[in-house]
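Quick note, the sequences are listed as chains S and L, same order. For reference, each letter of the first sequence is one residue, going 138 to 295 in the numbering used here. For reference, each letter of the second sequence is one residue, going 138 to 295 in the numbering used here. Beta carbons are placed, not taken as given, at the ideal position from N, Cα and C, and that holds for glycine. Below is one structure, written out as structure tokens; comments come after it.
There are 2 protein chains.
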Amino acid sequence: MNPVIYKPIGVIYSPFKNRVGIPRQAVGATEVSAKIEIFGEYIDGLSDLDGFSHVIVIFHMHLIERSSLKASPPWDNKEHGVFSTCSPFRPNPIGISVVRLESIDRNILNISCIDMADGTPVLDIKPYVPDLNPTKDIRLGWLNGRVKGMNKSKSGDR
Amino acid sequence: MNPVIYKPIGVIYSPFKNRVGIPRQAVGATEVSAKIEIFGEYIDGLSDLDGFSHVIVIFHMHLIERSSLKASPPWDNKEHGVFSTCSPFRPNPIGISVVRLESIDRNILNISCIDMADGTPVLDIKPYVPDLNPTKDIRLGWLNGRVKGMNKSKSGDR
């Protein structure tokens with residue numbers, strides 16, 4: 138199957154200059170502010186985005202240099218298939234975060250609740266609409282009972 | 138900024154052979170079943186995934202041949218910036234869907250509640266953990282009051 142090629146639409150400016158110490162989940166990082174610069178050619182795509190409190194950011198985890206099919210998350214120390222984990226060391230290091238959109242100044246999105254490293258290429262922005270997500274009959278597999286720890290955890294060098 | 142290159146990890150087999158008539162949102166497509174074939178080299182990444190009721194599928198909308206910075210969704214017929222819409226005609230046609238995982242047979246994921254076309258390349262699979270999403274102080278901008286229509290809508294030729 139052919140490779141898929143995307144052109145970044147913007148870049149993240151964040152206080153996290155390297156991979157270690159980044160919050161593992163955006164929702165736990167309420168105090169962290171950052172900016173997304175949307176490149177000039179895409180600015181017309183931002184109209185009406187300012188009405189949304191939260192947006193979904195799809196980004197390329199550019200600091201990830203290796204991948205593994207198994208991951209050992211810190212909150213249980215057992216190996217799991219990488220697709221059943223949030224490990225960044227995955228075959229395609231694509232990140233998805235729901236961040237709070239504080240304001241938009243022309244092509245700059247001021248955001249908070251973020252978990253991305255400085256310089257991260259942004260591939261897409263979508264509106265966050267919680268009612269489109271399923272809420273019934275949810276099973277969490279090996280993560281059952283472990284989500285609380287994820288919220289406040291930060292990345293180590295692993 | 139350099140382009141980002143991803144290698145598909147799998148492919149979707151779905152009843153939707155072309156772009157028209159595909160449900161616009163996975164959550165409304167409860168009756169639709171499909172399969173994801175994960176390519177053999179990634180099979181070890183699937184362990185423990187079967188404990189989850191739902192997974193996030195990140196996919197490349199391969200039938201999308203054009204993009205626009207403005208979109209006119211059918212449920213209000215006004216133009217909006219594409220990043221404030223779910224239009225597939227976006228600069229990078231990346232799709233995200235939360236689908237129900239019915240079962241896994243070796244490298245085949247049997248799924249339902251899907252909105253992807255047949256032959257869609259899959260870029261990543263992540264566990265769906267609703268508690269990681271924000272639920273408070275949500276504002277939906279121009280989509281406010283229009284979400285119900287989105288759930289059951291199907292794509293036209295636009």
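Examine chain L for any beta-carbon lying closer than 7 Å to the beta-carbon of residue i, and answer yes or no.
i, result
"ILE146 of chain S", "yes"
"TRP279 of chain S", "yes"
"ASN214 of chain S", "no"
"ARG106 of chain S", "Residue numbering for chain S in the displayed model covers 138 to 295; residue 106 of chain S lies beyond these limits and cannot be assessed."
"ILE251 of chain S", "no"
"GLY177 of chain S", "no"
"PRO228 of chain S", "yes"
"GLU168 of chain S", "no"
What is the rounded straight-line gap between the Cα of residue i and the Cα of residue j?
i, j, result
"SER83 of chain S", "ILE262 of chain L", "Any question about residue 83 of chain S goes unanswered here, given that chain S covers just 138 to 295."
"ARG243 of chain L", "PHE189 of chain L", "16 Å"
"ASN139 of chain L", "GLU178 of chain S", "16 Å"
"SER151 of chain L", "PRO258 of chain S", "31 Å"
"ILE241 of chain S", "ASN247 of chain S", "6 Å"
"VAL219 of chain S", "ILE201 of chain L", "29 Å"
"ARG283 of chain S", "TRP212 of chain S", "7 Å"
"LYS215 of chain L", "HIS191 of chain S", "21 Å"
"HIS217 of chain S", "ILE195 of chain L", "20 Å"
"ILE275 of chain L", "VAL266 of chain S", "8 Å"
"LEU277 of chain S", "GLY232 of chain S", "20 Å"
"ASP294 of chain L", "VAL141 of chain S", "Since pLDDT at ASP294 of chain L reaches only 47, below the 50 mark, its modelled position is unreliable, and the value read off the structure follows with that caveat. Distance between the alpha carbons of ASP294 of chain L and VAL141 of chain S is about 24 Å."
"PRO225 of chain L", "CYS250 of chain L", "18 Å"
"ALA171 of chain S", "ILE173 of chain L", "36 Å"
"ASP252 of chain S", "LEU260 of chain L", "21 Å"
"ASN270 of chain L", "LEU186 of chain L", "20 Å"
"ILE159 of chain L", "SER221 of chain S", "27 Å"
"GLY256 of chain S", "VAL157 of chain S", "15 Å"
"TYR143 of chain S", "TYR143 of chain L", "8 Å"
"PRO264 of chain S", "TRP279 of chain L", "10 Å"
"HIS197 of chain L", "HIS199 of chain S", "19 Å"
Using a Cβ-Cβ distance under 7 Å, would residue i count as near chain S?
i, result
"VAL259 of chain L", "no"
"GLY106 of chain L", "What is shown of chain L runs 138 to 295, which leaves residue 106 of chain L out entirely."
"LEU200 of chain L", "no"
"PRO264 of chain L", "yes"
"PRO225 of chain L", "no"
"ILE173 of chain L", "no"
"GLY188 of chain L", "yes"
"VAL157 of chain L", "no"
"ARG295 of chain L", "Residue placement at ARG295 of chain L is flagged as unreliable, the pLDDT there being 43, under the threshold of 50; a coordinate-derived value is accordingly withheld."
"ILE142 of chain L", "yes"
"ASN247 of chain L", "no"
"VAL219 of chain L", "yes"
From the DSSP output, which residues share a beta bridge with residue i?
i, result
"SER240 of chain L", "L:ASN247"
"TYR150 of chain S", "S:LYS172"
"LYS207 of chain S", "S:GLY218"
"ASP261 of chain S", "S:ILE195"
"ILE224 of chain L", "For the sequence presented, residue 224 of chain L should be read as Ser rather than Ile. Bridge partners of SER224 of chain L: none, in fact."
"SER234 of chain S", "S:VAL194"
Chain L partners of residue i, CB-CB under 7 Å?
i, result
"MET138 of chain S", "PRO145, VAL148 and PRO258"
Interface residues of chain S around residue i at Cβ under 8 Å?
i, result
"LYS207 of chain L", "ASP181, GLY182 and SER184"
"VAL284 of chain L", "VAL266, ASP268 and LEU269"
Can you check which of these residues, the options, is closest to residue i by C-alpha distance?
i, options, result
"LEU206 of chain S", "S:PRO267, S:CYS223, S:ILE159 and S:ALA254", "S:CYS223"
"SER209 of chain S", "L:MET198, L:HIS199 and L:GLY182", "L:GLY182"
"ILE146 of chain L", "S:PRO230, S:VAL148 and S:ILE201", "S:PRO230"
"PHE176 of chain L", "L:ILE201, L:ILE193, L:LYS285 and L:ILE149", "L:ILE149"
"ILE193 of chain S", "S:ARG237, S:ILE245, S:ASP255 and S:ARG283", "S:ARG237"
"ASP268 of chain L", "S:PRO264, S:ASN281 and S:LEU260", "S:ASN281"
"ALA254 of chain L", "L:LYS154, L:LYS172, L:LYS144 and L:SER234", "L:LYS154"
"GLU239 of chain L", "L:THR272, L:GLU168, L:ARG156 and L:TRP279", "L:GLU168"
"THR272 of chain L", "S:TYR143, S:VAL235 and S:ILE159", "S:VAL235"
"ILE245 of chain L", "L:MET198, L:PRO228, L:HIS199 and L:SER184", "L:SER184"
"ILE180 of chain S", "L:PRO228, L:LYS285, L:TRP279 and L:HIS197", "L:PRO228"
In chain S, which residues lie less than 7 Å from residue i when you measure between Cβ atoms?
i, result
"VAL194 of chain L", "Residues of chain S passing the Cβ test: none, with the nearest at roughly 10 Å."
"ARG276 of chain L", "GLY188, PHE189 and SER190"
Anything in chain L within Cβ reach of residue i, meaning under 8 Å, just list it in chain order.
i, result
"ILE233 of chain S", "ILE193, ILE195, ILE233 and LYS263"
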